[in-house]
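Heads up: the sequence shown runs through residues 1 to 362, numbered per the UniProt record's numbering.
Worksheet: the structure to be examined is printed underneath.
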Amino acid sequence: MIPTFKNIHVKFKLDGNYFDREGLKEVAYSFVKEGKPYEQALGDFLIDWLDEKEYVVVFTSGSTGKPKSIRLNKQAMVHSALATGDFFGIKPGDSALQCLPSNFIAGKMMLIRAMILGLELDLVAPTSNPLENQYKHYDFCAMVPMQVENSLEQLHQIKTLIVGGAPASKALIERLQNVSTKVFATYGMTETITHIAAKPLNNLPKGETAQYQTLPNIHISTDDRNCLVIDAPRIHPKKIITNDVVQLISETEFDWLGRFDNVINSGGIKLHPEQIEEKLSAFISGRYFVTGIDDSQLGKKLLLIIEDTAQNVEVSNLLETIKLSKKFSKFEIPKIIYTVKNFTETNTGKVQRGKTVASLGY
Numbered sequence: 001m002i003p004t005f006k007n008i009h010v011k012f013k014l015d016g017n018y019f020d021r022e023g024l025k026e027v028a029y030s031f032v033k034e035g036k037p038y039e040q041a042l043g044d045f046l047i048d049w050l051d052e053k054e055y056v057v058v059f060t061s062g063s064t065g066k067p068k069s070i071r072l073n074k075q076a077m078v079h080s081a082l083a084t085g086d087f088f089g090i091k092p093g094d095s096a097l098q099c100l101p102s103n104f105i106a107g108k109m110m111l112i113r114a115m116i117l118g119l120e121l122d123l124v125a126p127t128s129n130p131l132e133n134q135y136k137h138y139d140f141c142a143m144v145p146m147q148v149e150n151s152l153e154q155l156h157q158i159k160t161l162i163v164g165g166a167p168a169s170k171a172l173i174e175r176l177q178n179v180s181t182k183v184f185a186t187y188g189m190t191e192t193i194t195h196i197a198a199k200p201l202n203n204l205p206k207g208e209t210a211q212y213q214t215l216p217n218i219h220i221s222t223d224d225r226n227c228l229v230i231d232a233p234r235i236h237p238k239k240i241i242t243n244d245v246v247q248l249i250s251e252t253e254f255d256w257l258g259r260f261d262n263v264i265n266s267g268g269i270k271l272h273p274e275q276i277e278e279k280l281s282a283f284i285s286g287r288y289f290v291t292g293i294d295d296s297q298l299g300k301k302l303l304l305i306i307e308d309t310a311q312n313v314e315v316s317n318l319l320e321t322i323k324l325s326k327k328f329s330k331f332e333i334p335k336i337i338y339t340v341k342n343f344t345e346t347n348t349g350k351v352q353r354g355k356t357v358a359s360l361g362y
C-alpha cells in the first residue's frame with residue numbers, strides 16, 4: 001500500500017526522537033520560534049507540509065534565470081521519495097544525515113524521504129564541511145560537490161552518498177576512487193522533485209564511466225533538438241521538456257552532453273561548453289567556465305573566465321599550455337581568457353554565467 005503525504009512512518013526519527021504528525025507540528029513551531037536559521041527554514045517547511053493543502057510552494061535555484069515559485073503536489077513528492085528508496089535500496093531504520101538547506105527542494109526532500117521511508121534523520125548546519133566534528137556513521141546522505149570536496153577525509157562515515165546541485169569536477173571524481181562510500185551523481189531539477197536519474201561516480205572498472213540510469217516509473221525520450229524529455233506521471237502531470245542535450249543509450253539510460261542554451265556555434269562548429277570545461281579541469285584548479293561572445297568572422301568565439309581570488313593565474317602561460325596539450329580542437333581553444341576575483345552566484349552558490357559575463361562588459 002502506497003503511503004499518502006499524511007503518513008509518518010513509525011520508524012521515523014528526527015535527531016534521535018520519534019515523532020507523529022502532532023509531535024512534528026510542535027517541533028516545527030519550536031524551530032521557527034527558537035531555532036537556528038537552518039532549523040527555522042526546516043520548521044517553515046514542516047508547517048507547510050503538515051497543513052491540509054495538497055501542495056507546497058517551492059522556489060527554483062535560479063541558476064539559469066530568475067528564481068521562480070512553483071507548486072509541487074505533496075503526493076508526487078511522496079512518490080519521488082519512494083522511487084529514491086527503491087533505487088538506492090534504502091530501508092526503514094536506516095540512518096540519514098540532512099546537511100542541505102531546507103529552503104530549496106533538495107533539502108526538503110531529505111526530510112520527506114525520512115518521514116515516508118522511516119529513516120533516522122540527524123540535522124546539521126548546511127556548511128561547506130558538514131562532517132566536521134561528526135563521528136557517527138550514516139547509511140544515506142546528499143551533498144553538493146563543494147561539501148564532498150571538503151569531506152573527503154571523513155566520507156567513509158557515509159555508506160551511500162548522492163551528489164547534486166552542480167556537476168562534480170573531474171579532479172573530484174578522481175579523488176572519489178579512493179573512498180569506500182558509494183557515490184552517485186544525480187540528474188534532476190525542482191520541477192522533477194529532485195533527481196529522476198543517477199549514475200555511480202566510483203567503484204567502476206578503471207578508465208570506465210557510467211551513464212545515468214532512470215529511477216522507477218520514469219520514461220525518457222528526446223525532442224528534435226536532442227534535448228531530454230521526461231515522462232514521470234507519478235511526479236508531474238505533463239511531460240517535461242528540458243534544455244539538456246543528451247545521448248540516449250537505452251530506454252532507461254542516457255549520457256548528458258550539456259545545456260542547449262549554452263551551445264556555442266563557432267565557425268559552424270557546435271561546441272558544448274561542459275565538455276570543453278571537463279578537458280580544462282586538468283589545467284585549472286579553481287572555478288571557471290567557457291562561453292561564447294560575438295565575433296564578426298566566427299559568429300561566436302570562445303571565452304574562458306576563471307575565478308582568481310588570489311590573483312595568481314598567469315593567463316599567457318595557461319593559454320600556451322592548453323595549445324600544447326593537443327587535447328583540444330582549434331575551435332575548443334579559448335580565444336580570450338579573463339580572470340575575475342569572484343563569480344556572481346545565486347543564493348545556493350550556483351554560478352550565474354550570464355551575470356558574470358555581463359560584469360566584464362559583454
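Heads up, the beta-carbon is just placed ideally off N, CA and C, and yes, glycines get one too.
Every value quoted in this text rests on a predicted model; they were computed, and no experiment measured them.
Going by DSSP, His195 is part of no alpha helix (DSSP H) but of the beta strand (DSSP E) stretching over 194-200. A residue is called buried once 16 or more other Cβ atoms fall within 10 Å of its Cβ, and Asp94 is buried on that count.
Annotated as distal: Ile306 and Ser80, with beta-carbon spacing of 8 Å or more. For the UniProt domain "AMP-dependent synthetase/ligase" (55-202), the continuous alpha helix (DSSP H) assignments of 4+ residues that do not extend past its boundaries occur at 74-88, 105-117, 145-150, 170-176, in sequence order. In this structure, DSSP gives Leu271 an extended state, which the three-state scheme calls strand. Taking all protein chains shown into account, Pro273 has 16 or more neighbouring C-beta atoms within 10 Å of its C-beta and is therefore buried. Contact annotation, Ile336 with Leu303: C-beta distance approximately 5 Å; criterion of less than 8 Å satisfied. Its chain contains Val144 as the residues whose beta carbon lies nearer than 6 Å to that of Gly165, once the 5 sequence neighbours on both sides are disregarded; these appear in chain order.
Nearest to Glu174 by alpha-carbon distance, out of Tyr187, Leu248, Pro200, is Pro200. Looking at the DSSP output, His9 bridges to nothing. For Ser180, the closest alpha carbon among the candidates Gly188, Asn202, Ala125 is that of Asn202.
Under a 10 Å Cβ-count criterion, Gly258 is classified as buried, with 16 or more other Cβ atoms of the shown protein chains found around its own Cβ.
Just so you know, the alpha carbons of Asn73 and Gly286 end up roughly 39 Å apart. Residue range 315-325 is occupied by the alpha helix (DSSP H) that includes Ser325.
Within its own chain, the residues whose Cβ lies closer than 8 Å to the Cβ of Asp255, once the five positions on either side in sequence are excluded, are Gln211, Tyr212, Val246, Gln247, Ile249, listed in chain order. Listed as beta-bridge partners of Glu345 by DSSP are Val351. Looking at the DSSP output, Lys301 sits in a beta bridge with Ile293.
Between Phe5 and Met77, the C-beta spacing is below 8 Å. Straight-line spacing of the CA atoms in Thr309 and Tyr338 works out to 13 Å. By the beta-carbon neighbour count (other beta carbons within 10 angstroms, threshold 16), Ile218 is buried. Burial state of Asn133 is exposed, judged by a 10 Å Cβ sphere holding fewer than 16 other Cβ atoms.
Sequence-distant partners of Asn226 (beyond 5 residues in either direction) whose C-beta falls short of 6 Å from its own C-beta, in its chain, are Val245.
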